[in-house]
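Residue numbering for the sequence shown is -20 to -1, 1 to 207, as defined by mature numbering (1 follows the signal peptide of the UniProt record, and there is no 0). Below is one structure, written out as structure tokens; the observations come after it.
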Amino acid sequence: MPRHILLVWLSLHEIIFTFSGTEHQKIDWVGIHEKICADLMSLRKPAPFIVSTDERKKKKEEIQDKNVDMVSLTQLIGQKLLFQGKPEEAVPAALQCLKFTADAYGLASVELVSPYLILAESSIGLGRLNQAETYLAQAQWTILKTQHECSNGIRSQLHRKLGLLYAAKGDYELALESLAKDMMHKRQKLRKCYMPSKNIVNNASLRMEQTRLSIIQLDQIPKFDYI
């Protein structure tokens, strides 16, 4: 089994043993399962036997769409809990996000980076720096394997989390270096967003110039006085 797929597999199985105690189960329920319980039941319900190929295809597409929706929902919940200063509650949401992402996009997809980053930031907030380092290493490995699909926005987020980790460890030189890379990728992202706007401005300027020339040409048409 390739290393990156093995790491994803181990992360998915962490869902089972990380929240085995009563207190952890309570955190798990409050953090995520209370919000996705109904959707989980529909996804985990045994699939009925379907003879028709078209119906099987339709059912498969429905499950895929549901998994994609759950990726967005669990990611949003995890990020919201982090923003609210609840890293412990964000962990189960991020783990569920990782599971749904693997189901929806596969074990070698760039989409896995986002739940890894939520898990890393949660671990930093909980003081579990070694665990945070492991999650960030998994995110880096995923980005390395999916370079052609990885946006500057994702790279920016990775270096920001690395900066937080190094700062928490007291390694401020590496923290500054990571945050500088964060800003570099952020500028590249903004530059790409700016280019279409620049084209729009150029097109608008061209239209204004064409209008101005048309007005000049109209002024040059001989005027006749009618009696």
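No residue lacks a Cβ here, since even glycine has one placed at the ideal position from N, Cα and C.
Buried or exposed (CB count within 10 angstroms, at least 16 for buried), residue i
i    : result
G143 : buried
R140 : buried
A70  : buried
Q55  : buried
Y152 : exposed
E3   : Because the pLDDT of E3 is 48, which lies under 50, any placement of that residue in the model is unreliable, and the question is left without a value.
Span separating the alpha-carbon of residue i from that of residue j
i    : j    : result
K169 : W121 : 21 Å
N47  : C77  : 10 Å
D162 : L138 : 8 Å
D49  : L159 : 32 Å
I123 : L154 : 20 Å
R36  : L156 : 53 Å
Y96  : L87  : 13 Å
S94  : I134 : 8 Å
F63  : H128 : 30 Å
K172 : A82  : 29 Å
V51  : D45  : 10 Å
M164 : I43  : 39 Å
Beta carbon of residue i nearer than 9 Å to that of residue j
i    : j    : result
S131 : K166 : no
Q118 : L145 : no
T126 : S89  : yes
G65  : G105 : yes
L109 : K79  : no
L75  : P67  : no
Best match in the options for proximity to residue i [C-alpha to C-alpha]
i    : options                  : result
A84  : N110, K40, Y96 and M164  : K40
G107 : A147, R171, K172 and D45 : A147
L53  : K172, E129, H128 and A73 : A73
Residue i Cβ short of 8 Å to the ligand HEM heavy atom set
i    : result
A100 : The ligand HEM is not among the ligands present in this structure, which contains no ligands whatsoever.
Short CB-CB distance (under 9 Å) between residue i and chain D
i   : result
Q59 : Looking at the structure shown, chain D is missing, and only one protein chain is on hand.
- prompt: How do the stretch 92 to 104 and the stretch 112 to 126 stand: do at least 3 beta-carbon pairs fall below 8 Å, yes or no?
  reply: yes
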